[in-house]
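Enquirer: For the protein sequence lines, the chains are A and B, in the order given. Per the numbering used here: the first sequence = residues 1 to 504. Per the numbering used here: the second sequence = residues 1 to 294. Just so you know, even glycine gets a beta-carbon here, dropped at the ideal spot from N, CA and C. Bear in mind the structure is a predicted one, so any value in this text is a computation, not a measurement. One structure follows; several queries about it will come next.
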Amino acid sequence: MSDSCGNPATETEALMPRRRKFDKTKICVKCKTNPGSLIIRHAVYCKECFVPLTTHKFRRSLEPFVNAKPDGPRRTALKPQGNLLVGFSGGLGSTVLLDLVHRYYVVPDKALIQDDGGSHHPRHERVWKRVVVGYVEVCDAFPSMVERMSDVRAIMEGYGGFEFVPLRIQDAFDPCWWKKIGRDPVNLGVDMTDEALKLLRLEESTSPLEAMRSYMASLPTTTARSTALQTLTRVLLQYTAQANDCSHLVLGTSLTSLAVSLISGVAHGGGFHVREEMQEEWTADQSSDREVDVAKKATKRHGLRIIRPLRDVGMKECGAWSWWMGLKVVGRENWEWPGFKPGIGALTKAFIVGLEKDYPSTVSTIVRTCGKLSPKGIVEGKCISCERPIQSGIQDWQARISIRSRHNGDEQAPFEEVAESLSPFLCYPCRITLTSRSTRPILNPFPNSNHDVSLTPLPMWTGRVLHPPKTSGSEEGDAEIVVGRTLARSEMKNAVKEFLLQDE
Amino acid sequence: MKTLNERYDYGLELFLLSIDEGITGYRDDSLETVKRNQQQYDMPLKILSYGELYGWTMDAIVAQIGKKNNCTFCGVFRRQALDRGAAMLNVDHIVTGHNADDIAETVLMNIMRGDIARLGRCTLICTQGEDTIKRSKPFKYAYEKEIVMYAYFKKLDYFSTECIYSPDAYRGHARVFLKDLEAARPSAIIDIIHSGEAFEVKEEVKATQKLQQTCKRCGYMSSNELCKACTLLEGLERGLASAAITDRGQKKFAAEGTAASTENMRTIPFFHMPVGQTVDVPPGNVSSAPQTAP
Chain A
1 MSDSCGNPAT ETEALMPRRR KFDKTKICVK CKTNPGSLII RHAVYCKECF VPLTTHKFRR
61 SLEPFVNAKP DGPRRTALKP QGNLLVGFSG GLGSTVLLDL VHRYYVVPDK ALIQDDGGSH
121 HPRHERVWKR VVVGYVEVCD AFPSMVERMS DVRAIMEGYG GFEFVPLRIQ DAFDPCWWKK
181 IGRDPVNLGV DMTDEALKLL RLEESTSPLE AMRSYMASLP TTTARSTALQ TLTRVLLQYT
241 AQANDCSHLV LGTSLTSLAV SLISGVAHGG GFHVREEMQE EWTADQSSDR EVDVAKKATK
301 RHGLRIIRPL RDVGMKECGA WSWWMGLKVV GRENWEWPGF KPGIGALTKA FIVGLEKDYP
361 STVSTIVRTC GKLSPKGIVE GKCISCERPI QSGIQDWQAR ISIRSRHNGD EQAPFEEVAE
421 SLSPFLCYPC RITLTSRSTR PILNPFPNSN HDVSLTPLPM WTGRVLHPPK TSGSEEGDAE
481 IVVGRTLARS EMKNAVKEFL LQDE
Chain B
1 MKTLNERYDY GLELFLLSID EGITGYRDDS LETVKRNQQQ YDMPLKILSY GELYGWTMDA
61 IVAQIGKKNN CTFCGVFRRQ ALDRGAAMLN VDHIVTGHNA DDIAETVLMN IMRGDIARLG
121 RCTLICTQGE DTIKRSKPFK YAYEKEIVMY AYFKKLDYFS TECIYSPDAY RGHARVFLKD
181 LEAARPSAII DIIHSGEAFE VKEEVKATQK LQQTCKRCGY MSSNELCKAC TLLEGLERGL
241 ASAAITDRGQ KKFAAEGTAA STENMRTIPF FHMPVGQTVD VPPGNVSSAP QTAP
């Protein structure tokens with residue numbers, strides 16, 4: 001029969017030999033008896049071995065950091081100083097994370113946890129008194145995005161045992177939310193038409209939704225909008241964690257996602273934050289009475305530990321876990337709008353995921369390499385936008401490598417100027433996010449909205465710029481005062497004439 | 001370099017140094033450009049070929065090992081060839097035309113392949129070890145576009161082509177990715193360089209890195225008894241080139257090291273630092289290595 005459809009002998013030879021996806025055998029490398037069901041970086045695993053392998057990786061990345069004093073491979077009982085916040089996005093990684101947290105720390109799954117040591121053994125005590133799940137709904141950021149809050153709520157109700165804290169991305173601009181978590185709201189804005197980023201106090205109160213959309217529309221590139229959404233989401237979760245007396249915030253960043261965010265962070269100029277990208281300990285500035293009380297109660301309390309327990313579990317393994325455990329993945333909306341072109345984050349994701357198919361060890365190599373790096377230089381403070389450290393001397397660095405001009409500052413600002421410039425309070429990536437432009441025109445996602453780029457609202461937490469924490473090295477008057485003006489062509493030529501070569 | 005040297009009376013004695021990898025249809029064309037440069041600038045030119053130094057051209061290497069992994073040989077051989085060419089010219093400073101795009105690409109490449117030692121030093125403008133000639137990259141912050149624009153307006157000879165043996169190399173993927181990033185946000189290139197300058201290798205990791213020594217066979221700097229170029233060359237000579245690329249093969253060769261008989265086998269001439277080379281003395285001679293499509 002087959003002969004009638006051509007010459008099979010010839011066609012067999014004409015085919016390229018298929019590259020084997022596994023190293024030696026189809027039998028599971030761990031138990032060496034069952035046929036394998038999944039290939040992870042050339043090694044074959046059966047389902048029975050895959051489950052303990054994944055849970056081991058999960059616990060190995062989380063449990064050594066639960067106690068106040070990180071103790072490496074855990075020997076003692078887990079006694080965290082506060083509650084746990086799980087950051088949930090609806091994506092694959094956070095769905096798997098939520099499931100694992102539920103199985104281990106909310107309703108212990110006896111199939112996974114060895115029941116030894118007696119029923120009253122400290123091992124069987126509940127680790128975190130409260131496990132809170134924070135979900136940030138971003139559907140209002142761009143048009144045509146579908147709201148998934150009800151789907152997420154249904155998942156939480158399905159699990160049981162979690163406290164659900166629903167948030168919206170515009171909460172970052174909402175004075176009521178800011179008050180609710182015990183802080184004093186200050187409406188600040190920034191003039192985005194000028195690279196100096198002049199700070200303004202906004203008297204008119206717009207709605208949080210309008211403020212958020214105005215902020216997003218003012219950002220100069222697609223990359224900046226995606227980065228801003230990520231940052232807003234993360235910082236919202238951090239403040240929520242703090243408001244709920246959490247000592248730990250866990251995020252569902254898989255090995256693949258971590259490699260993407262590390263490379264993407266490097267491409268954003270965030271080399272100084274490589275360590276934070278993997279794991280960080282964050283402390284909010286003590287600017288409210290409530291916080292001071294908390295600080296008094298527990299003077300030895302560590303900051304909020306932001307941990308990515310799936311950092312050793314690849315996207316493929318997350319997919320397998322989700323499939324075998326029958327989890328429902330709500331999915332994450334693509335952050336796109338009419339005329340959207342992919343930014344650095346989307347390009348990096350496409351590149352790394354594509355690379356992982358041909359070079360499966362690349363993501364692991366990226367994460368391991370970045371784990372061997374530490375920030376270079378002195379920390380100058382904390383960025384008021386992303387809450388991560390500011391590297392000292394970045395303004396000098398920028399001035400040294402490029403010729404920069406500033407706009408005329410003669411025009412009267414319609415609002416009170418509260419500081420000359422936002423720049424000294426921003427880390428390098430955040431500064432680039434607000435100022436770096438593209439040759440591609442960027443469309444406003446909401447063309448009918450009236451937003452003024454010179455009066456762009458800022459997230460509520462930037463208000464602490466008015467009360468910067470005093471550090472030993474800083475004194476009043478240290479802040480940069482930028483008196484800028486537009487340079488004429490002749491002045492610019494004078495400045496560089498020494499370096500111009502004569503025409504032949 | 002020549003214009004600035006004359007205008008500001010740097011007092012530098014400049015040489016042109018070019019490496020001929022022996023790739024027909026790639027390097028032979030660019031070498032014609034280099035020879036024209038020699039005429040235009042009236043500077044002494046040294047062309048050092050892989051054939052002269054190692055006894056193998058890249059064409060011959062590819063004929064033996066195929067197109068896979070040939071970039072490993074080319075990269076290792078070129079680095080040594082530059083130092084050896086500079087030593088032959090008795091210069092004490094090499095400047096190369098690596099631009100911002102090249103540096104950004106190298107930062108990404110080193111992260112992706114886990115080359116922690118190079119990652120720690122690839123963003124330095126100036127590098128110098130005890131046993132190497134000082135190297136500088138004055139175009140570190142200049143975009144490739146700026147350099148092409150300068151060459152265009154100044155009507156300079158500029159040669160750029162992709163190596164015929166590396167169209168699918170890992171570096172090629174990284175370069176395409178970088179160009180996409182630049183299109184999305186032009187500052188991405190300089191931002192990657194900033195990132196590279198903002199981190200360093202942890203002290204505890206540095207402590208585990210191998211100490212630098214000199215190759216027992218050729219005298220060039222090495223982290224093993226045999227340097228990588230000698231290992232690769234030995235692999236070629238013994239017909240085991242592919243084995244020499246792997247870590248296991250390199251360890252095996254290094255273990256055999258100097259004990260292995262080098263009779264009937266081509267080896268690299270012993271490396272001597274240029275006479276009078278010291279770290280403190282300001283550079284007298286600068287070798288301007290023409291950089292075409294790195």
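Under a CB-based cut-off of 9 Å, is Arg368 of chain A close to chain B?
Expert: Here residue 368 of chain A is taken as the residue at index 368 of the first sequence, counted from 1. Interface residue, yes.
Enquirer: Which two residues bound the contiguous alpha helix (DSSP H) that contains Ala399 of chain A?
Expert: Counting from one through the first sequence, the residue named residue 399 of chain A turns up at place 399. Run containing Ala399 of chain A: Ile394 to Ile401, per the alpha helix (DSSP H) assignment.
Enquirer: Can you name the residues of chain B whose CB is closer than 8 Å to the CB of Gln391 of chain A?
Expert: As a working mapping, residue 391 of chain A is identified with position 391 in the first sequence. The contacting residues are Ala198.
Enquirer: Buried or exposed: which applies to Arg7 of chain B, given that a residue is buried once 16 or more other Cβ atoms fall within 10 Å of its Cβ?
Expert: Indexing the second sequence from 1 puts residue 7 of chain B at position 7. Classification of Arg7 of chain B: exposed, given that the 10 Å Cβ count is below 16.
Enquirer: Taking only beta-carbon positions, decide if Met112 of chain B is within less than 9 Å of chain A.
Expert: Counting from one through the second sequence, the residue named residue 112 of chain B turns up at place 112. Yes, Met112 of chain B lies at the interface with chain A (some Cβ there is under 9 Å from its Cβ).
Enquirer: Considering only the beta carbon of each residue, do Leu304 of chain A and Leu249 of chain A sit closer than 9 Å?
Expert: Reading the first sequence from its first residue, position 304 is the one you call residue 304 of chain A. Reading the first sequence from its first residue, position 249 is the one you call residue 249 of chain A. In this structure, Leu249 of chain A lies closer than 9 Å to Leu304 of chain A by Cβ.
Enquirer: Is any beta-carbon of chain B found at less than 9 Å from that of Leu373 of chain A?
Expert: The residue labelled residue 373 of chain A in the question sits at position 373 within the first sequence. Answer yes: the Cβ-Cβ gap between Leu373 of chain A and chain B drops below 9 Å somewhere.
Enquirer: Just the C-alpha distance for Asp478 of chain A and Leu48 of chain B, rounded to the nearest angstrom, thanks.
Expert: Taking the first sequence and counting its residues from 1, one reaches residue 478 of chain A at position 478. Taking the second sequence and counting its residues from 1, one reaches residue 48 of chain B at position 48. Confidence is the limiting factor: at Asp478 of chain A the pLDDT is only 43, short of 50, which leaves the residue's position unreliable and the question unanswerable from this model.
Enquirer: Of the choices B:Ile125, B:Leu236 and B:Ile116, whose alpha-carbon is the least far from that of Thr369 of chain A?
Expert: For this step, residue 369 of chain A is matched to residue 369 along the first sequence. For Thr369 of chain A, the nearest C-alpha among the options comes from B:Ile116.
Enquirer: What would DSSP say about Gln279 of chain A, mapped onto helix, strand or coil?
Expert: Translated into the one-based positions of the first sequence, residue 279 of chain A becomes position 279. In the structure shown, Gln279 of chain A sits in coil (DSSP, three-state: anything other than H, G, I, E or B).
Enquirer: For chain B, is any of its Cβ atoms less than 9 Å away from the one on Tyr45 of chain A?
Expert: Walking along the first sequence from the start, residue 45 of chain A turns up at place 45. Output row for Tyr45 of chain A: interface = no.
Enquirer: Let's see if you can read the secondary structure: which residues bound the alpha helix (DSSP H) around His173 of chain B?
Expert: The sequence position of residue 173 of chain B within the second sequence is 173, counting from 1. Residues Tyr170 to Ala184.
Enquirer: Does the beta-carbon of Trp323 of chain A have 16 or more other beta-carbons within 10 angstroms, so that it is buried, or is it exposed?
Expert: In the first sequence, counting from the first residue as 1, residue 323 of chain A sits at position 323. Label assigned to Trp323 of chain A: exposed.
Enquirer: Alpha carbon to alpha carbon, how far is Pro44 of chain B from Leu31 of chain B?
Expert: Your numbering for residue 44 of chain B matches position 44 in the second sequence. Your numbering for residue 31 of chain B matches position 31 in the second sequence. Their Cα atoms are separated by approximately 14 Å.
Enquirer: Please list the partners that Pro138 of chain B has in chain A, where partner means a Cβ-to-Cβ separation under 8 Å.
Expert: Within the second sequence, numbered from 1, the residue matching residue 138 of chain B stands at position 138. Going along chain A, no residue has its Cβ under 8 Å from Pro138 of chain B, so there is no contact; the nearest lies around 13 Å.
Enquirer: At what residues does the alpha helix (DSSP H) containing Cys246 of chain A begin and finish?
Expert: For the purposes of this step, residue 246 of chain A is identified with residue 246 of the first sequence, where counting begins at 1. Careful: Cys246 of chain A lies outside any alpha helix (DSSP H), inside the beta strand (DSSP E) at Cys246 to Leu251.
Enquirer: In terms of alpha-carbon separation, which member of A:Ile27, A:Cys28 and A:Leu38 lies closest to Lys316 of chain A?
Expert: As a position in the first sequence, residue 316 of chain A is number 316, starting the count at 1. Residue A:Leu38 is the option with its Cα nearest to Lys316 of chain A.
Enquirer: Under the rule that 16 or more other beta-carbon atoms within 10 Å means buried, what is Leu156 of chain B, buried or exposed?
Expert: For the purposes of this step, residue 156 of chain B is taken as residue 156 along the second sequence, with counting starting at 1. Its Cβ having fewer than 16 others within 10 Å, Leu156 of chain B is exposed.
Enquirer: In chain order, what residues of the region 419 to 453 of chain A put their CB closer than 7 Å to some CB of chain B?
Expert: Going along the region 419 to 453 of chain A in chain order, one finds Tyr428, Ile432, Ser436, Ser438 and Thr439 with a Cβ nearer than 7 Å to chain B.
Enquirer: Taking 8 Å as the cut-off, is the CB of Met315 of chain A close to at least one heavy atom of the ligand PLP?
Expert: By its list of ligands, the structure shown contains no ligand whatsoever, and the ligand PLP lies outside what it can speak to.
Enquirer: Cβ of Pro522 of chain A less than 9 Å from any chain B Cβ?
Expert: There is simply no residue 522 of chain A to check, as chain A begins at 1 and stops at 504 in what is shown.
Enquirer: Please determine if the region 81 to 92 of chain A and the region 136 to 155 of chain A are in contact, where contact requires at least 3 C-beta pairs separated by less than 8 Å.
Expert: Yes, the region 81 to 92 of chain A touches the region 136 to 155 of chain A.
Enquirer: Using a Cβ cut-off of 8 Å, which residues of the region 249 to 266 of chain A contact any Cβ in chain B, in chain order?
Expert: Residues Leu262, Ile263, Gly265 and Val266.
Enquirer: Which residue wins for smallest C-alpha separation from Ser438 of chain A, given the options A:Lys341, A:Leu455 and A:Ile263?
Expert: Along the first sequence, one-based indexing puts residue 438 of chain A at 438. It is A:Lys341 whose Cα lies nearest to the Cα of Ser438 of chain A.
Enquirer: How is Arg368 of chain A classed by DSSP in three states: helix, strand or coil?
Expert: For the purposes of this step, residue 368 of chain A is identified with residue 368 of the first sequence, where counting begins at 1. Helix, per DSSP.
Enquirer: In whole angstroms, what separates the C-alpha of Glu197 of chain B from that of Arg126 of chain A?
Expert: Position 197 of the second sequence, counted from the start, is the residue given in the question as residue 197 of chain B. Position 126 of the first sequence, counted from the start, is the residue given in the question as residue 126 of chain A. About 45 Å.
Enquirer: Taking the alpha helix (DSSP H) that Leu82 of chain B falls in, what are its first and last residues?
Expert: Position 82 of the second sequence holds residue 82 of chain B. That run of the alpha helix (DSSP H) goes Asn70 to Leu89.
Enquirer: Any idea what DSSP makes of Lys170 of chain A, helix, strand or coil?
Expert: Numbered from its first residue, the first sequence carries residue 170 of chain A at position 170. Here residue 170 of chain A turns out to be Gln, not Lys, going by the sequence shown. Three-state DSSP puts Gln170 of chain A in a helix.
Enquirer: Less than 8 Å between the CB atoms is what I'm expecting for Val132 of chain A and Leu466 of chain A, so what's the real figure, rounded?
Expert: The residue given as residue 132 of chain A occupies position 132 in the first sequence. The residue given as residue 466 of chain A occupies position 466 in the first sequence. Rounded, the Cβ-Cβ distance is 30 Å, inconsistent with contact.
Enquirer: Would you mind giving the Cβ-Cβ distance between Leu426 of chain A and Cys383 of chain A, rounded to the nearest angstrom? I have them listed as a contact below 8 Å.
Expert: On the first sequence, position 426 is the one that residue 426 of chain A refers to. On the first sequence, position 383 is the one that residue 383 of chain A refers to. Between Cys383 of chain A and Leu426 of chain A the Cβ distance is about 6 Å, and since that is below 8 Å, they are a contact.
Enquirer: Going by beta carbon distance, what residues of the same chain come within less than 8 Å of Lys129 of chain A, once the five residues before and after it are set aside?
Expert: In the first sequence, counting from the first residue as 1, residue 129 of chain A sits at position 129. Result list for Lys129 of chain A: Asn83, in chain order.
Enquirer: On the DSSP letters alone, give me the boundaries of the alpha helix (DSSP H) that Tyr150 of chain B sits inside.
Expert: In the second sequence, residue 150 of chain B corresponds to position 150, counting from 1. Glu144 to Phe153 is the span of the alpha helix (DSSP H), which, as asked, contains Tyr150 of chain B.
Enquirer: Helix, strand or coil: how does DSSP classify Asp20 of chain B here?
Expert: Position 20 of the second sequence, counted from the start, is the residue given in the question as residue 20 of chain B. Asp20 of chain B falls in the strand class under three-state DSSP.
Enquirer: Give me whichever residues DSSP pairs with Ile432 of chain A in a beta bridge.
Expert: Residue mapping note: residue 432 of chain A aligns to position 432 of the first sequence, counting from 1. Partner(s): none; Ile432 of chain A has no beta bridge.
Enquirer: Can you confirm whether Val62 of chain B, when its beta carbon is compared against all beta carbons of chain A, has any partner nearer than 9 Å?
Expert: Residue mapping note: residue 62 of chain B aligns to position 62 of the second sequence, counting from 1. So, not an interface residue.
Enquirer: Alpha carbon to alpha carbon, how far is Tyr158 of chain B from Leu14 of chain B? Give it in angstroms, no decimals.
Expert: Your numbering for residue 14 of chain B matches position 14 in the second sequence. Your numbering for residue 158 of chain B matches position 158 in the second sequence. Each residue's alpha carbon lies about 19 Å from the other.
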